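Here's the structure we're looking at; comments come further down.
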Amino acid sequence: MRILFFGDIVGKPGRQVLKELLPALRREHAADVVVANGENASGGIGLTGETLRELLGMGVDILTTGNHVWKHRDLYGPLDKESRLLRPANYPAGAPGRGFGVYDLPGGHRLAVLNLCGTTYMDPLDCPFRTAETLLARLEAEEGAPAVRLVDFHAEATSEKKALGWFLDGRVSAVIGTHTHVQTADAMLLPGGTAYLTDAGMCGVEASVLGMDHKVIVDRFLTRLPQRFRPATGRGSLNGVLLDVDEATGRARSIRALRVACPAAELPGGADTSGSPNSPDSPDFPSSPGSP
Ligand SMILES: [Fe+2]
Ligand SMILES: [Fe+2]
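Here our numbering = 1-based position in the sequence shown + 63.
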């Protein structure tokens, strides 16, 4: 099975570049399924119901999210009802939605997707390692459980991400990191057959700070005053990975990081009205210049 996975989609530029490039990329790589992280897709922070429908309509098959998934309350209903939308599985019981899904895809393919959030320099959620252990044990106890399993680990610390990769080696097909919005150069196949990448990067404007207007963020670092963040304007690009997985065993055959620039001219960014203004206290953006 060939899986295309894209990192955090940031605002309208991220959505536009995805809309522009996804059909050709899907064909070029003969992808059986497209998975993307949508936690920044509406206005740069969070995901609205309207943007969710837009992304599913443009060919994203499954959306994972992260710490910003709770930003827009109108998503709480879809989180409960839309099986193609996941939020990190290690939020406490009672939070809307689910963090684990099994999907029957066209062509007879079956795929399990697990979305987890890190806890180092992030909210103190349930342990992502033990949550993964519990959910995989439950899956493996089922007859006909899919061998192909993808994990989106939405986390800040590279050490926590690497550690989860080793912890799950041989039990899932891939552990791909999101949240930092910067693609790392460490794609590898672990010995047990798990493909690993610390961070897939983002879909949005790279001439920015994590997809946001760099002038605003620089000012924030200089003054330490709250700022209203806005998505950057400029040329967008897609950051992600292409995975090839043996469907019988679930072992990854290959992992390739993708970084594709949009051939079109400038993409609009700041005029996104699909989400509310960005909060200045986003964990995605360090609150002081010394923060990781
Ligand atoms: Fe993000
Ligand atoms: Fe995040």
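The beta carbon of each residue, even a glycine, is placed where N, CA and C say it ideally should be.
In this text the structure is predicted, and so the values were computed from the model without any measurement.
Beta-carbon contacts of residue i that lie in its chain and below 8 Å, excluding the five residues immediately before and after
i: H277; result: A270, S271 and A295
i: V281; result: V272
i: G164; result: I125, S146, R147, L149, A175 and V176
i: L231; result: A195, L199, V214, V238 and T257
i: P86; result: G122
i: D167; result: R173
i: G274; result: D71, V73, G74, P76, G77, N103, G107, H244, M265, G267, V268, P294 and A295
i: D249; result: Y259, L260 and T261
Beta-carbon proximity list for residue i, same chain, < 7 Å, skipping 5 on both sides
i: A311; result: A210
i: K82; result: M121
i: Q290; result: V279, D282, R283 and P343
i: P141; result: G112, L115 and L148
i: R89; result: L67, V97 and G122
i: D309; result: R316
i: D143; result: P159 and G160
i: A324; result: R298 and S300
i: R322; result: Q246, G264, S300 and N302
i: Y139; result: P159
i: D137; result: T111 and G112
i: T221; result: T261
Beta carbon of residue i nearer than 8 Å to that of residue j
i: L148; j: G157; result: no
i: T241; j: N100; result: yes
i: G70; j: G106; result: no
i: L67; j: A94; result: yes
i: G181; j: E219; result: yes
i: A320; j: V304; result: yes
i: K134; j: G109; result: yes
i: L84; j: L288; result: no
i: M185; j: N130; result: yes
i: G313; j: R212; result: yes
i: E102; j: T128; result: yes
Close beta carbons around residue i, own chain, < 6 Å, minus the five adjacent residues each side
i: T247; result: T261 and D262
i: Y259; result: G228, V238, M251 and L253
i: E223; result: G181 and T183
i: G77; result: C266 and G267
i: F216; result: L179, K224, L227, V238 and G240
i: V123; result: V97 and A99
i: T243; result: D262
i: D307; result: R65, R316 and S317
i: D189; result: N153
i: S351; result: Any reading at S351 needs caution, since the residue's pLDDT is 38, under 50, leaving its predicted position unreliable; the model's value is listed next. Nothing meets the Cβ criterion.
Exposure of residue i, with buried meaning 16 or more beta-carbon neighbours within 10 Å
i: L285; result: exposed
i: P191; result: buried
i: N153; result: buried
i: G297; result: buried
i: G317; result: It is Ser, not Gly, that sits at residue 317 in the sequence shown. The residue is exposed, with fewer than 16 neighbouring Cβ atoms inside 10 Å.
i: G233; result: exposed
i: E380; result: Since the first residue shown for the chain is 64 and the last is 355, residue 380 is missing from the structure and cannot be characterised.
i: E203; result: exposed
i: P155; result: exposed
i: P326; result: exposed
i: G255; result: exposed
i: G162; result: buried
i: P151; result: buried
Short CB-CB distance (under 8 Å) between residue i and chain B
i: Y154; result: Note that chain B does not occur in the displayed structure, where there is just one protein chain.
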